[in-house]
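> Below is one structure. I have some questions about it.
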Amino acid sequence: MEVLEEKEEVEETAEDLKSLNVSDSLQDEETSGPEEEVNAPSDVSGFDWSSIDTSQLPSSYKTNSKKEEKMLHIADHFLQQYTHLCPDRKPLFLHPANECGVEKFVSTTVRPTLLPFPELYYWSGCASFVSNYLTMEPLKCPITPPSSLYSPTTILKYQRGNCFDFSVLLCSLLIGAGYDAYCVHGYATLEICTLDQTQDPCPLLEKPQEVPVKNSIKYRVRIPSEPQSMFELQQKAKKNEEAEDVEKKEEEEEAVTEEEKPKRDPLHGLRVHAWVLVLSGKRKVPETFFINPFTGNSHDTTDECFLGIESIWNHRNYWVNIQDCRKGCKDLSFDLSDAVSWEIMLPESNEPVTESSEKDMNYLQEIEEKDMSFEMPLTWVARIEVSHREFENQYAQGKKVILYKKAKVEKWAPYVNENGLVERLTVYADLDCTEVVEVTEWFKNREDLLDMRKMNKQTRLTTDYFSPRHRLLLEAHTYMSLEQESGHTMEFYHKARADGLWKRVENATEMTEYFVGRDDFLHIRHVEFGERENGMGMAGTRTDARLRPIVEIKETFHRNPEKPADEDIEERIFVITDDSIQLTYHLEDHDTIASKVVFIRALQRHKKGEEIFLTQDTYVKYQPWSSEKHKNVLHLYTLLWELREEQKKLKHQVRESEAELLNILKVREDEEANVKLTVSVYNNAARERRYEAMVGS
């Protein structure tokens, strides 16, 4: 068995080594220093584990069976051989005391469990539950493993624990879900051990990677370039390189300021940490990876945050790492059947015995002769149970706060907040997190189906996002306030609307509507409003106050392939104040100039009604590619009458759009003033609360 050398023992200076030779009291003082206090929850120091009630625990918690006693004897014998062969290695974490003060082998503390929640059938759900449900406690001494390891049931009951408690619970859930998972005792960086994420970017701000689109064009026409001087190009490239170097240095200096530079940790490489290892194979896991139980995030086995491994274990066996960890974990082999890399405690008969040193062979033979038929005792831990109510309210203090670099994430359990708020992301402009740039909030179980809200503190714009089936078919709403004419952008689920309206943008002077998939190929309608005149509408009513004089209506249409281009209108403009109409037609493939028709005050009003007078002064026509039909005055007369009817309909539609917008604002005001939360009939936690309320009354 080879000796695992510590990285810091090779690289650190004599002065650093001197600073590490402190007494136990100084080590305890180190754990309660500012670095630990900042990252530990505020209520951790006030909890006394010695005061917990153990009187109601099962007998397996208070005594050891004969098989467990034999397992402890094997572990002690294994430890003697280990310390003899590797005197420079740290003591192994084998049989710490449980909550009743009884020593238990670490493998028997793992209780494989599959809980009845779909989310916990996947590793990500298990890791998220453990990291959210438990409150992190730092180790009493950062460079030594704990002297006790409590059962997962006790840890769940009090919702707190150190990294070893987190790992054992997570490993129990993962093995129960079918994963090949192991608890790891090793070493990690200060940030990992103390749950310090203030130097990490917020994962909610990471943009998904764009998949490059491959161009299917095999052959291209090569366009000859203009002749250029090679000397000028070289000089230009040289100047560009110098400018880029200067900019790069400036960016690096700005990016790595004194505040952002991590302080050197004198205990680097010595800080003890526990996490979970998931091997590839089972549950179709493609690659082996680590899980940090404090955050629930997965890490590659080559991650530089993990500095070394002492041992790993599951509910069946215990392995000691005998590989060199001076370069961290990136060069480690996780083939546990390789006796050159891993020393197993209980030999498995189905594993071939590889070559080793004479001492190792003698030790293996001795173990095989005495304990070849011995198997790991069954777990002493009682059944792990989590109620629906506990699973729904995962946060120990009702709320969880995570600090990232220039960002803060707050999480709540459903139904904790009356407005349905479950998560909030606050983005800051500075490292001290004093200047707020943007706030994003997520909601659940709201009757108005509000999912997310983004508030830009610089532009003062708020955007609400709604899930489908909203009663107003609203998908998103951007605004500064819910007052009318203050600027609103509304997006709709257009497939559910009869008119195909996708978006409406409105302010005090104009309104633009965008349509999708209409039979008449309309896709944009733009309306300009004038200033209100005195006496327009009735004062005191909000609906009449919205009536603004319509100045102009412009509509844009997509190409209708079933019509000739000179009969297919691309754009029509109704200028209400000037009583004019302008038509612009689509172009054919070979055309360069669009055909146009303009009617100028061709309609005159009399007592008997309206009459049309078409003269050279009342219309202008430019249709260079039109047929003889379009040159007929009767055709223009009929067209104008149709346009006048369309104009009346458009005015009515504009008023309906204004009324709809006003109604949406009124509904949104009522919904925000009286937020109601819905409860699904399948929500077991809600049913438990209702039952308790009925029994209590």
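Everything in the sequence shown is counted per this note's numbering, starting at 109 for the first residue and increasing by one.
Don't be surprised by glycine CBs; every beta carbon is placed ideally from N, CA and C.
1. For the beta strand (DSSP E) containing Ala-515, name the first residue and the last one.
2. What first and last residue would you give for the beta strand (DSSP E) that runs through Asn-692?
3. Measuring only the C-alpha atoms, how far is Leu-751 from Lys-611?
4. Among all the DSSP beta bridges, which residues are the ones paired with Ala-382?
5. When DSSP labels each residue in this structure, what does Ala-767 get in the three-state scheme?
6. Tell me whether Tyr-503 sits in a helix, a strand or coil according to DSSP, three-state version.
7. Give the DSSP-derived three-state secondary structure of Tyr-512 in the structure shown.
8. Just the C-alpha distance for Leu-852 and Pro-669, rounded to the nearest angstrom, thanks.
9. Grab the span of the alpha helix (DSSP H) containing Leu-298 for me, first residue to last.
10. Taking the alpha-carbon positions, what's the Glu-754 to Ser-575 distance?
11. If distances are taken between C-alpha atoms only, which option among Arg-667, Val-613, Leu-758 comes closest to Val-683?
12. Just confirm the distance between the C-beta atoms of Leu-773 and Gln-592, as a whole number of angstroms; I'd bet it's less than 8 angstroms.
13. Starting from the C-beta of Val-624, find all residues in its chain whose C-beta is less than 6 angstroms away, skip the five residues before and the five after it, and write them out in chain order.
14. Can you list, in chain order, the residues of its chain with a C-beta nearer than 6 angstroms to that of Glu-518? Leave out the 5 residues immediately preceding and following it.
15. Quick one: what's Ser-406 bridged to in DSSP?
16. In whole angstroms, give me the CA-to-CA distance for Leu-222 and Leu-180.
17. Report, in whole angstroms, the separation of the C-beta atoms of Gln-218 and Thr-171, which I expect to be a contact under 8 angstroms.
18. When we look at the beta-carbon of Thr-487 and count the other beta-carbons within 10 Å, is it buried (16 or more) or exposed?
19. Taking the alpha-carbon positions, what's the Arg-434 to Leu-440 distance?
20. Anyone know if the C-beta pair for Thr-409 and Lys-371 falls short of 9 angstroms?
21. Check each candidate in Phe-213, Asn-553, Pro-311 and name the one with the smallest Cα separation from Tyr-258.
22. With a 10 Å radius around its C-beta and 16 neighbouring C-beta atoms as the bar for buried, classify Gly-284 as buried or exposed.
23. Which residues in the same chain as Arg-424 place their Cβ atom closer than 6 angstroms to its Cβ, once the five residues preceding and following it in sequence are excluded?
24. To the nearest angstrom, how far is the alpha carbon of Asp-304 from that of Ala-490?
25. Could you check how far apart the C-beta atoms of Arg-667 and His-694 are, in whole angstroms? I think they sit under 8 angstroms.
26. Since Ile-708 is in the alpha helix (DSSP H), which residue starts that stretch and which ends it?
27. Should Glu-678 and Gln-690 be called a contact, given that it needs their Cβ atoms to be closer than 9 angstroms?
28. Quick one: using the 10 Å Cβ neighbour count with 16 as the cut-off for buried, is Glu-526 buried or exposed?
29. Nearest to His-634 by alpha carbon, out of Asp-628, Glu-614, Arg-626?
30. Here's a check: name, in chain order, each residue in its chain whose Cβ is nearer than 7 angstroms to the Cβ of Asn-564, leaving out the five neighbours to either side.
31. State whether the region 193-200 contacts the region 256-273, with contact taken as three or more CB pairs (one from each stretch) at a distance under 8 angstroms.
32. Would you tell me roughly how many angstroms separate the C-alpha atoms of Ser-832 and His-578, rounded to the nearest one?
33. Under 8 angstroms by Cβ, that's how I've got Phe-414 and Ala-296 pegged, so tell me the actual separation to the nearest angstrom.
34. Return the chain-ordered list of same chain residues with a C-beta closer than 6 angstroms to the C-beta of Asp-806, the five sequence neighbours on each side being excluded.
35. What does His-585 pair with, by DSSP beta-bridge criteria?
36. Which residues share a DSSP beta bridge with Ala-205?
From the atom records:
1. Counting along the chain, the unbroken beta strand (DSSP E) around Ala-515 starts and ends at 515-520.
2. In the sequence as presented, Asn is not what sits at residue 692; that position holds Thr. Residues 688-693.
3. 25 angstroms
4. His-293
5. helix
6. coil
7. In the three-state scheme derived from DSSP, where H, G and I count as helix and E and B as strand, Tyr-512 is classed as strand.
8. Outside the modelled stretch of the chain, which goes from 109 to 805, sits residue 852, for which no answer is possible.
9. 298-301
10. 35 angstroms
11. The option with the nearest alpha carbon to Val-683 is Leu-758.
12. 6 angstroms
13. His-602, Gly-608, Trp-610
14. Val-509, Arg-532
15. Ile-399
16. Leu-222 and Leu-180 have their alpha carbons spaced roughly 28 angstroms apart.
17. With the sequence shown as reference, residue 218 is identified as Val, and Gln is not the correct amino acid for it. Val-218 to Thr-171, Cβ: 19 angstroms. No contact.
18. buried
19. Distance between the alpha carbons of Arg-434 and Leu-440: 10 angstroms.
20. no
21. Phe-213
22. buried
23. Met-484
24. 33 angstroms
25. 5 angstroms
26. Here Ile-708 belongs to no alpha helix (DSSP H); instead the beta strand (DSSP E) covers 704-708.
27. no
28. exposed
29. Glu-614
30. If you ignore the 5 residues before and after Asn-564, its C-beta comes within less than 7 angstroms of the C-beta of Glu-546, all in its own chain and listed in chain order.
31. no
32. With the chain running from 109 to 805 in the structure shown, residue 832 is simply not present.
33. The Cβ separation is near 5 angstroms, so the contact holds.
34. This structure gives no information on residue 806, because the portion of the chain shown stretches from 109 to 805.
35. Bridge partners of His-585: Asp-572, Met-598.
36. Secondary-structure assignment with DSSP links Ala-205 through a beta bridge to Glu-211, Ser-256.
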